[in-house]
Amino acid sequence: MRRRLVAGNWKMHGSRAVNLALLSSLKRSIVPIDGLGVAVCAPFPYLSQVADSLRGSSLVWGAQDLSEHDVGPYTGEVSGPMLADFGCAYVLVGHSERRVLHGETDRQIAAKFGAAQRAGLIPVLCVGETLEQRDGGEMQAVLRRQVDAVLKASGVAAFRRAVVAYEPVWAIGTGRTATPAQAQAAHLHLRSLVAAQDAGLAAELTIVYGGSVKPGNAKEIFSMPDVDGGLIGGASLVAEDFTAICSAAAAAQKQE
Ligand code: PEP
Numbered sequence: 472m473r474r475r476l477v478a479g480n481w482k483m484h485g486s487r488a489v490n491l492a493l494l495s496s497l498k499r500s501i502v503p504i505d506g507l508g509v510a511v512c513a514p515f516p517y518l519s520q521v522a523d524s525l526r527g528s529s530l531v532w533g534a535q536d537l538s539e540h541d542v543g544p545y546t547g548e549v550s551g552p553m554l555a556d557f558g559c560a561y562v563l564v565g566h567s568e569r570r571v572l573h574g575e576t577d578r579q580i581a582a583k584f585g586a587a588q589r590a591g592l593i594p595v596l597c598v599g600e601t602l603e604q605r606d607g608g609e610m611q612a613v614l615r616r617q618v619d620a621v622l623k624a625s626g627v628a629a630f631r632r633a634v635v636a637y638e639p640v641w642a643i644g645t646g647r648t649a650t651p652a653q654a655q656a657a658h659l660h661l662r663s664l665v666a667a668q669d670a671g672l673a674a675e676l677t678i679v680y681g682g683s684v685k686p687g688n689a690k691e692i693f694s695m696p697d698v699d700g701g702l703i704g705g706a707s708l709v710a711e712d713f714t715a716i717c718s719a720a721a722a723a724q725k726q727e
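Here my numbering is used: the first residue of the sequence shown is 472, the next is one more, and so on.
Here it is, written out as structure tokens:
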């Protein structure tokens with residue numbers, strides 16, 4: 472059975488007090504389930520607070536970005552080894568907000584993916600098309616280009632310790648979710664891109680969906696055969712919502 476993951480992406484939200492309340496609540500309400508990982512990805516200044524708070528719990532934590540370099544004169548950057556030093560498990564790579572707002576290219580994202588793995592972190596490679604690209608019939612080609620950049624730089628074996636997140640740009644923070652069928656089609660395509668090089672590895676690859684997942688739509692999206700959990704933005708800031716989404720992933724796991 473494939474491992475499932477629900478990861479919260481807090482984006483640039485939080486304060487010490489708000490995080491404390493949220494993490495305390497999550498630790499109380501999220502029940503550990505075999506085969507289902509639950510992670511929160513917080514802004515850099517709060518990672519140490521999150522690490523301390525989650526120590527000894529079933530939840531793990533991740534970062535939202537990292538440098539493609541391991542050390543050196545890169546003012547303002549945070550490296551993979553620094554994150555690993557604090558016990559970081561996951562790191563988002565190529566989130567659409569980084570691609571669009573910070574101009575991150577496929578090449579840079581592939582380099583960040585490699586940097587994460589060098590440091591022993593699990594990269595969550597975010598891919599997805601814009602609305603214009605979807606309407607232009609380019610969804611498959613865009614996903615292929617984004618995945619190929621990483622396959623070319625790191626090789627297919629690198630996907631053995633990685634997660635892919637399908638995040639259609641038009642569904643992130645918009646309240647507009649991909650239908651379960653749209654998500655399934657994209658996930659199947661992503662799996663087939665990896666399967667073309669290693670079918671066994673592709674069958675084991677965790678591919679999560681992100682884009683306006685809420686307690687009300689999580690169950691049907693997570694029940695799709697190639698959807699292995701979610702990357703959750705807005706709803707991960709509300710303890711009851713994130714807990715309900717984790718429960719939906721656990722229920723989908725049991726149905727398999
Ligand atoms: C995200 O930030 O990765 C995301 C999916 O956001 P939201 O759930 O708010 O659409």
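Glycine included, each C-beta is placed from N, C-alpha and C at the ideal position.
Predicted, not measured: the structure shown is a model, and the values here were computed from it.
Output needed for residue i: all residues of its chain with C-beta closer than 6 Å, excluding positions within five of it in sequence on either side, in chain order.
i: residue 651; result: 691, 692, 695
i: residue 710; result: 493, 496, 497
i: residue 640; result: 567, 599, 601
i: residue 723; result: 693, 694
i: residue 590; result: 551, 552, 555
Since I believe residue j is in contact with residue i (beta carbons under 8 Å), could you give me their beta-carbon distance rounded to a whole number of angstroms?
i: residue 704; j: residue 644; result: 6 Å
i: residue 475; j: residue 699; result: 5 Å
i: residue 509; j: residue 534; result: That belief does not hold up - the Cβ atoms of residue 509 and residue 534 are roughly 16 Å apart, past 8 Å.
i: residue 669; j: residue 618; result: That belief does not hold up - the Cβ atoms of residue 669 and residue 618 are roughly 13 Å apart, past 8 Å.
i: residue 501; j: residue 530; result: 6 Å
Sorry if obvious, but does the Cβ on residue i come closer than 7 Å to a heavy atom of the ligand PEP?
i: residue 688; result: no
i: residue 490; result: no
i: residue 599; result: no
i: residue 571; result: no
i: residue 482; result: yes
i: residue 585; result: no
i: residue 706; result: yes
i: residue 643; result: yes
i: residue 638; result: yes
i: residue 702; result: yes
i: residue 684; result: yes
i: residue 533; result: no
i: residue 607; result: no
Note down, in chain order, each residue of its chain lying with its Cβ closer than 8 Å to the Cβ of residue i, except the 5 sequence neighbours on either side.
i: residue 487; result: 517, 520
i: residue 678; result: 634, 635, 636, 637, 658, 661, 662, 697, 698, 699
i: residue 480; result: 512, 535, 563, 566, 681, 702, 703, 704, 707
i: residue 541; result: 550, 551, 552, 586, 589, 590
Going by beta carbon distance, what residues of the same chain come within less than 7 Å of residue i, once the five residues before and after it are set aside?
i: residue 579; result: 539
i: residue 630; result: 665, 672, 676
i: residue 688; result: 648
i: residue 484; result: 708
i: residue 558; result: 522
For a cutoff of 8 Å on Cβ pairs, would you count residue i as touching chain B?
i: residue 712; result: Reference to chain B is not applicable here, since this structure consists of a single protein chain.
Pair every Cβ in the stretch 681-690 with every Cβ in the stretch 630-646, then say whether three or more of these pairs are closer than 8 Å. Note that the stretch 681-690 touches the stretch 630-646; at least 3 beta-carbon pairs, one per stretch, sit closer than 8 Å.
Would you check if there are 3 or more beta carbon pairs closer than 8 Å linking the stretch 656-665 to the stretch 612-627? A contact is defined here as three or more CB-CB pairs under 8 Å, and the stretch 656-665 meets this definition with respect to the stretch 612-627.
If we count Cβ pairs, one from each stretch, closer than 8 Å, do we get three or more for the stretch 538-552 versus the stretch 566-576? Here the stretch 538-552 makes no contact with the stretch 566-576; the two share fewer than three CB pairs at distances below 8 Å.
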